[in-house]
Amino acid sequence: VVESGTYQGTIKEVEPEKTEIYVTTDDDKTLELYFTENTSLTRNGSEVEFSELKEGQKVEVEVEKVGQRLDPVSVKIME
Numbered sequence: 013v014v015e016s017g018t019y020q021g022t023i024k025e026v027e028p029e030k031t032e033i034y035v036t037t038d039d040d041k042t043l044e045l046y047f048t049e050n051t052s053l054t055r056n057g058s059e060v061e062f063s064e065l066k067e068g069q070k071v072e073v074e075v076e077k078v079g080q081r082l083d084p085v086s087v088k089i090m091e
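So the number in this note's numbering is just where the residue sits in the sequence shown, counting from 1, plus 12.
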């Protein structure tokens with residue numbers, strides 16, 4: 013588990029039924045992120061649906077460490 017902060021990486025896996033994504037960061041850590049009702053998902057400054065997320069996309073994620081869990085505060089699709 014990483015510390016709270018902002019990370020850039022690539023989506024390794026998308027699990028729509030759990031609104032969960034796995035992101036491999038640029039320094040080779042894997043972040044397991046379960047979206048909450050407060051997670052903002054944007055592309056080019058506009059809010060988009062979870063269905064826009066695809067494996068292989070570059071993303072920038074801001075995460076907050078809550079106990080042993082990471083909550084995504086915001087996810088930006090970079091491409």
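All C-beta atoms, glycine included, are put in the ideal place defined by N, C-alpha and C.
Glutamate 74 to glycine 17, Cα distance in whole Å? As a working mapping, residue 74 is identified with position 62 in the sequence shown. As a working mapping, residue 17 is identified with position 5 in the sequence shown. Roughly 6 Å separates the two Cα atoms.
Which of helix, strand or coil DSSP assigns to lysine 41: The count along the sequence shown starts at 1 and reaches residue 41 at position 29. Coil at lysine 41, not helix or strand.
Taking aspartate 40 as the reference, give the member of Thr51, Phe62 and Lys24 with the closest Cα. Reading the sequence shown from its first residue, position 28 is the one you call residue 40. Nearest option by C-alpha distance: Lys24.
According to DSSP, is glutamate 49 helix, strand or coil? As a working note, residue 49 is residue 37 in the sequence shown. Correct three-state label for glutamate 49: coil.
Between which two residues does the beta strand (DSSP E) carrying serine 86 extend? Along the sequence shown, one-based indexing puts residue 86 at 74. Unbroken beta strand (DSSP E) run through serine 86: 81 to 89.
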